[in-house]
Amino acid sequence: MKAAMRYEWVRLTTTKGFLVLSAMAFAGAVVVSWAMTMMMVAAAPEMTDAAAIEAAAVAATRTPFLLLAAGLLGAFSFAQEKRHGTLIHALLAVPNRRTLYTAKICITMLITTLWAVVTVPIAVAVSNLVLNTGHPFQSDPRVLLGFVALANLWALTGIAAGILLSRTGAIIFLIAGSTMIEPLLGQLLARIDILGTSGAAYLPFTAGAALISFEEPGFAAVLAETAPRLPALAGAVVFLAYIMAAQAFAFRRVLRAPH
């Protein structure tokens with residue numbers, strides 16, 4: 026397993042796509058934290074610096090930049106090899122397909138976690154620069170765990186999409202599925218009540234978004250009003266259920282692939 030993980034780490038981190046996605050995640054954090062902090066200064070000058078920094082940091086980590094980067098990294102972990110016909114080389118290096126599959130998941134999640142963790146100090150530094158302060162990031166640990174977990178769930182979604190779809194199909198699914206198709210489905214399901222919650226809250230990406238929260242009560246209240254939401258744990262379980270179903274089909278395809 027160590028050899029398989031080392032192989033996948035070297036393969037994945039030396040691709041041009043990895044560099045582009047890393048830049049996208051970090052540049053997105055800079056832009057969003059800067060814009061969010063400027064908005065807080067203009068719209069709510071009475072807000073404390075600590076609250077503004079938390080808002081900017083959480084906004085930076087929940088942006089499509091980071092989540093899409095995680096999803097696309099997952100998609101590329103298999104889709105790139107499928108596209109270029111190099112999966113045979115991976116199987117020669119790691120003949121056991123279960124081991125290769127597990128190594129790809131572990132390395133993709135490791136990189137995603139590193140991205141999510143590094144995004145926080147970047148966002149905090151930008152916010153402090155705008156506010157001309159030196160406040161550290163202060164928030165509930167559950168807030169931190171929430172966006173790290175959400176990013177990794179997106180990465181797992183990307184892995185399944187990269188196996189079950191073409192590379193282009195996986196990219197379209199991750200981008201259009203989360204930003205266009207699911208919101209439209211949410212409008213159709215909004216009036217359907219499921220266990221006391223709008224049916225729209227049970228759609229995969231919407232359910233996963235329940236992991237995003239704020240320690241600041243005011244921000245938490247605003248977030249709760251923007252869209253139907255499940256409790257954080259319930260949302261994570263629902264999103265994970267979708268992912269595990271897709272992963273089961275993806276794993277079966279990998280095992281049965283001719284090469």
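Mapped onto my numbering, the consecutive letters of the sequence shown carry residue numbers 26 to 284. We put the beta carbon where it would ideally sit given N, CA and C, even for glycine. Model, not experiment: these values are computed from the prediction.
Looking from the CA of residue 220, the closest CA among 255, 59, 130, 75 belongs to 255.
Shown here, residue 191 sits in coil according to DSSP, grouped into three states, outside any helix or strand. By the criterion of at least three beta-carbon pairs nearer than 8 Å, the segment 153-173 is not in contact with the segment 200-218. The Cβ atoms of residue 90 and residue 49 sit closer than 7 Å to each other. Residue pairing by DSSP places residue 222 opposite 219 in a beta bridge. When DSSP states are grouped into helix, strand and coil, residue 260 belongs to the helix group. Between residue 180 and residue 275, the gap from beta carbon to beta carbon reaches 7 Å or more.
Taking all protein chains in view, the Cβ of residue 159 is surrounded by fewer than 16 other Cβ atoms within 10 Å, so the residue is classified as exposed.
The distance from the Cβ of residue 42 to that of residue 187 is about 12 Å, inconsistent with a contact at the 8 Å cut-off. C-alpha of residue 147 to C-alpha of residue 135: approximately 19 Å in a straight line.
Counting other Cβ atoms within 10 Å of its Cβ, residue 161 stays below 16 and is therefore classed as exposed.
Linking residue 85 to residue 195 through their CA atoms gives a straight-line distance of about 24 Å. If you look at residue 135, you'll find it in the alpha helix (DSSP H) that goes 122-156. Our two residues, residue 259 and residue 232, have alpha carbons roughly 8 Å apart in a direct line. With 16 or more other Cβ atoms inside 10 Å of its own Cβ, residue 36 counts as buried. In this structure, the straight-line span from the alpha carbon of residue 157 to that of residue 69 is close to 17 Å. Secondary structure note for residue 231: its alpha helix (DSSP H) is the uninterrupted segment 229-233. With distances taken between CA atoms, residue 152 lies nearest to 73 out of 73, 28, 93.
When DSSP states are grouped into helix, strand and coil, residue 159 belongs to the coil group. Residue state for residue 89 is assigned as helix, using DSSP reduced to three classes. Here residue 263 has 227, 232, 255 as same chain residues with Cβ atoms under 7 Å from its own Cβ, once five neighbours each way along the sequence are excluded. Residue 58 and residue 142 have their C-alpha atoms spaced approximately 15 Å apart. Secondary structure of residue 205 (DSSP, three-state): helix.
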